[in-house]
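These notes concern the structure reproduced below.
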Amino acid sequence: MLAGLRVSAFLAWKSIQRGSRGTLALTIMIIALIFVNLVFLPSIISGVVETFNTQSIDFDLGNLVIEPREGSQYIDGVGSLQKTVGRIPGITGTSPRIAAGVTYFYKGRNAASTLYGITPEDERSVTKIADSMTEGEFLSNGDTDAIVMGTTLAGTEGEEAGGLPSLEGVGVGDSVEVAYPNGEIRTYRVKGIYETQSFSVDTSAFITSREMSGVLGLQDQASIILVKTEVNGREEEYKTEILSYGVQEEVRTFQEKSGGFVDQAIQSFNIINAISTLVSLIIAIVVVFIVIFINTVNRRRQIGILKAIGIDQQIIINSYVLQVLFITTVGALVGIVLNAGVTTYLTAYPLVFPGGPVYPAVEASAILRSIASLFGVSVVAGYIPAWRIAREDILSAIRG
Amino acid sequence: MIVAEDLRRVYTMGRVEVRALGGVSLEVAKGEFVGIMGASGSGKSTLLHILGLLDRPDSGRVTIDGTDVLALSDHRRTLFRLNRLGYVFQDYALIGELTALENVYLTSLVRGASKKEYLDRSADILERVGLGDRMNHRQSELSGGEQQRVAIARALVNNPSILLADEPCANLDSQTSKSILDLFARLNEDLDQTIVMVSHEEWHKEYFCRVVTLQDGLIADVTECRKGPRPGGGE
Ligand SMILES: Nc1ncnc2c1ncn2[C@@H]1O[C@H](COP(=O)(O)OP(=O)(O)O)[C@@H](O)[C@H]1O
Ligand SMILES: [Mg+2]
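So this is what it looks like as structure tokens:
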């Protein structure tokens, strides 16, 4: 058995060493490209999920949100709730927000979107919006007539934002009128403009909650409290933790809050990915099959001779399987290098999606899965033609 | 030794039946150098294929060194060829991707010999067939006569009890043919190697201990030939 494998390896190696270089290189290249194709799409899908998660956490929702209990519009006693939650180990920030659907007016143009009332200091402890200013400054605690808005809402002179709310050219220092749902109208001076690349954030605006509470007549109340945790990915544990501190309000993770949006997108992506994987693997099967088929047909006579001089057909079949393993191994290695190239490029020049820039996230599991499936199909696709030729009658093989 | 009894082989090609062997019985004793002769199409190759376990007769019996080789499974027959037989083809049948030395030691590798063992032995045999300086050449770099010597070395490497050769000189000029026949004769005399060789050249007869002549798939004649020293031998 071991001697047999030694002979198979010997024959395989001589064939690789002394066979056609061109065919070998081409086959390896095709396997490498198939490998890239197998890894690439999942890495983009992971990248989309990753982007969505970090954008949600960093700019939109934090890790968890606390919302009013069933039937209420606002959370009451925000101050003491903030204190309770803030004491939980691992929670690094909380930011109460008041949300209102408003209409902005500027130079005869108008746009409708969400205006948030925030406590600037608290907001800084949760989101990174304050670090994403492209113009002017973020709000300070004492501001009452200042507003900061997203770059999409501020817009660019003369450009409509394709259906998104846009004031088409608001700049720092300009005055914007805001009409509240309760009929109140206020004028605010634009203090800063930010860009987060999350479109729901970039179409919103912020004022201080002190100002908004005044307009809406609220007292120690909020529409939502964003909660930031020390590490990402353990939202479920923190949710249980917060609830165990006796919080009566609704606590939801950012995934729950964004409501299946990503899940649905991922499902669609996964269908596309499954189709692409299937096609890639079929191509791999066909290529390996053809290469080994042509190889064995061309060596029909040689295979007959090997059997005639007493070499068992299994040794011959195994020598082809070993060649396939070699080709697949080198192909996968070249594929890993190519994929690293593509990943490096796309990290430097990321694809831009509505949720933000998407960086390919190559997961070890995706690589392992691709390698495993590639090896699986290659071995089968190599074995079959080798087996078919090797079991042929010796004399007809030798006659050619 | 070989005992073949009443071998029959009919090829069917569409509706036409070709009788290649019509009941051939033959015994080859240990140390004999038997020549099988006859016109083209008389069934020489068919007989040798059956004796070499490359084909099966439609009926008859073949016993080699006491083993009923027709009763063996395909796998066992492969092992039997590996361990007991050496086969030399008319057109050499070397593996083109391998050097002369590699062609020779390939079957020793299958037998699980150690590296030193198979390298020494193969080099030794190549030396004996006069290719000591050609061991690392590939088929494309060797002349016809040299290729046939490699094929003979390959057939001999496992000390086969029988060496079978099907017109090994058919593609060689007479000078080279003579050197190959001399080599066979030497192996037969020095090592007591049993050889069954197919030929249709009259002048080969003087090398054989015995000549079996086939005609239309039947043995037409058996002649004891050489009794004394072989031609050109003795030096
Ligand atoms: N594979 C085959 N299919 C059909 N007929 C064959 C085959 N091999 C040999 N024959 C026929 O069998 C007869 C004997 O062939 P063979 O043993 O090759 O003769 P020889 O070697 O003496 O020239 C010939 O008539 C040949 O045509
Ligand atoms: Mg013949």
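Chains A and D are the protein sequences, given in the same order. Each position in the first sequence, counted from 1, maps to that position plus 1205 in my numbering. Each position in the second sequence, counted from 1, maps to that position plus 40 in my numbering. In this text, a Cβ means the ideal position worked out from N, Cα and C, and glycines have one as well.
Who are the neighbours of residue i on chain A, taking C-beta pairs under 7 Å?
{"i": "D6(D)", "result": "This structure leaves residue 6(D) out entirely; chain D is present only between 41 and 275."}
{"i": "L61(D)", "result": "The contacting residues do not exist; L61(D) stays about 14 Å from chain A at best."}
{"i": "G152(D)", "result": "A1208"}
{"i": "Y158(D)", "result": "The premise fails here: Y158(D) is roughly 11 Å from chain A at the closest Cβ pair, so nothing lies under 7 Å."}
{"i": "T118(D)", "result": "K1512, G1515 and D1517"}
{"i": "Y127(D)", "result": "A1513 and I1514"}
Check residue i in the structure and name its three-state DSSP category.
{"i": "V169(D)", "result": "coil"}
{"i": "Q1278(A)", "result": "coil"}
{"i": "G63(D)", "result": "strand"}
{"i": "I1516(A)", "result": "coil"}
{"i": "T1332(A)", "result": "coil"}
{"i": "Y1321(A)", "result": "strand"}
{"i": "G274(D)", "result": "The predicted model places G274(D) with a pLDDT of 44, which falls under 50 and marks its position as unreliable, so this point remains unresolved."}
{"i": "Y1311(A)", "result": "strand"}
{"i": "K1219(A)", "result": "helix"}
{"i": "E1416(A)", "result": "helix"}
{"i": "V43(D)", "result": "strand"}
{"i": "Y1385(A)", "result": "coil"}
{"i": "Y145(D)", "result": "helix"}
{"i": "R49(D)", "result": "strand"}
{"i": "A210(D)", "result": "coil"}
{"i": "V1467(A)", "result": "helix"}
{"i": "V1253(A)", "result": "helix"}
Going by Cα to Cα distance, which pick from the options is closest to residue i?
{"i": "S1330(A)", "options": "T1297(A), A1304(A) and G1355(A)", "result": "T1297(A)"}
{"i": "T1413(A)", "options": "Y1309(A), R1505(A), S1403(A) and I1303(A)", "result": "I1303(A)"}
{"i": "V1484(A)", "options": "I1239(A), M1234(A), L1229(A) and E1454(A)", "result": "I1239(A)"}
{"i": "L203(D)", "options": "K70(D), T253(D) and A210(D)", "result": "K70(D)"}
{"i": "S239(D)", "options": "L138(D), R250(D) and E229(D)", "result": "R250(D)"}
{"i": "V1283(A)", "options": "S1248(A), I1352(A) and I1429(A)", "result": "I1429(A)"}
{"i": "T1501(A)", "options": "V1529(A), L1538(A) and T1458(A)", "result": "V1529(A)"}
{"i": "L1573(A)", "options": "V1241(A), L1229(A), L1216(A) and D1348(A)", "result": "V1241(A)"}
{"i": "V144(D)", "options": "V56(D), D261(D) and A193(D)", "result": "A193(D)"}
{"i": "R101(D)", "options": "K84(D), L110(D) and D95(D)", "result": "L110(D)"}
{"i": "G83(D)", "options": "L61(D), R96(D) and S217(D)", "result": "L61(D)"}
{"i": "V1547(A)", "options": "I1532(A), G1376(A), F1558(A) and A1566(A)", "result": "A1566(A)"}
{"i": "T86(D)", "options": "L221(D), A191(D), T139(D) and D256(D)", "result": "D256(D)"}
{"i": "P1559(A)", "options": "I1521(A), S1403(A), V1254(A) and E1442(A)", "result": "S1403(A)"}
{"i": "Y1658(A)", "options": "A1513(A), P1590(A), S1578(A) and V1420(A)", "result": "Nothing about residue 1658(A) can be read from this structure; chain A reaches only from 1206 to 1605."}
Since I believe residue j is in contact with residue i (beta carbons under 8 Å), could you give me their beta-carbon distance rounded to a whole number of angstroms?
{"i": "Q1260(A)", "j": "G1561(A)", "result": "4 Å"}
{"i": "G63(D)", "j": "L258(D)", "result": "7 Å"}
{"i": "L122(D)", "j": "G1515(A)", "result": "3 Å"}
{"i": "L1600(A)", "j": "L254(D)", "result": "In fact, because the Cβ distance is near 18 Å, the residues do not count as touching under 8 Å."}
{"i": "Y1309(A)", "j": "D1379(A)", "result": "Not really, about 11 Å apart at Cβ, beyond 8 Å."}
{"i": "S1213(A)", "j": "N1503(A)", "result": "Actually they are not in contact, since the Cβ atoms of S1213(A) and N1503(A) sit about 19 Å apart, beyond 8 Å."}
Mind checking residue i: buried by the 16 CB within 10 Å criterion, or exposed?
{"i": "T1332(A)", "result": "buried"}
{"i": "Y1564(A)", "result": "buried"}
{"i": "M77(D)", "result": "buried"}
{"i": "Q233(D)", "result": "buried"}
{"i": "L1231(A)", "result": "exposed"}
{"i": "A153(D)", "result": "buried"}
{"i": "Q1453(A)", "result": "exposed"}
{"i": "V1495(A)", "result": "According to the sequence as given, residue 1495(A) is Ile; it is not Val. Per the 10 Å Cβ criterion, exposed."}
{"i": "F1466(A)", "result": "exposed"}
{"i": "Q1278(A)", "result": "exposed"}
{"i": "D206(D)", "result": "buried"}
{"i": "M1354(A)", "result": "buried"}
{"i": "M237(D)", "result": "buried"}
{"i": "N1437(A)", "result": "exposed"}
{"i": "S180(D)", "result": "exposed"}
{"i": "Q187(D)", "result": "buried"}
{"i": "Y1550(A)", "result": "exposed"}
{"i": "T1324(A)", "result": "buried"}
Could you name the residues of chain D that residue i contacts, counting a contact when the two beta carbons are closer than 7 Å?
{"i": "R1226(A)", "result": "Here the premise fails: no neighbours, minimum Cβ distance about 13 Å."}
{"i": "Q1507(A)", "result": "I135"}
{"i": "S1220(A)", "result": "E137"}
{"i": "F1215(A)", "result": "L149"}
Which residues in chain D sit within 8 Å of residue i, going by Cβ to Cβ distance?
{"i": "V1212(A)", "result": "L146, L149 and V150"}
{"i": "I1520(A)", "result": "V150"}
Give the interface partners of residue i over in chain A, defined as CB-CB distance under 9 Å, in chain order.
{"i": "A210(D)", "result": "Within 9 Å Cβ-Cβ: nothing; A210(D) doesn't reach chain A, min ~15 Å."}
{"i": "L47(D)", "result": "Per Cβ cutoff of 9 Å: no residues; L47(D) is ~16 Å from chain A at best."}
Can residue i be considered in contact with ligand 3, in the sense that its beta carbon sits closer than 7 Å to one or more heavy atoms?
{"i": "T86(D)", "result": "In terms of ligand content, the structure shown lacks ligand 3 and carries ligand 1 and ligand 2 instead."}
Taking Cβ-Cβ distances shorter than 8 Å, what residues in chain E pair up with residue i?
{"i": "A1230(A)", "result": "Of the chains in the structure shown, none is chain E; the protein chains are A and D."}
What residues from chain D crowd round residue i, counting only those whose CB sits closer than 9 Å?
{"i": "R1223(A)", "result": "G136, E137, L138 and R178"}
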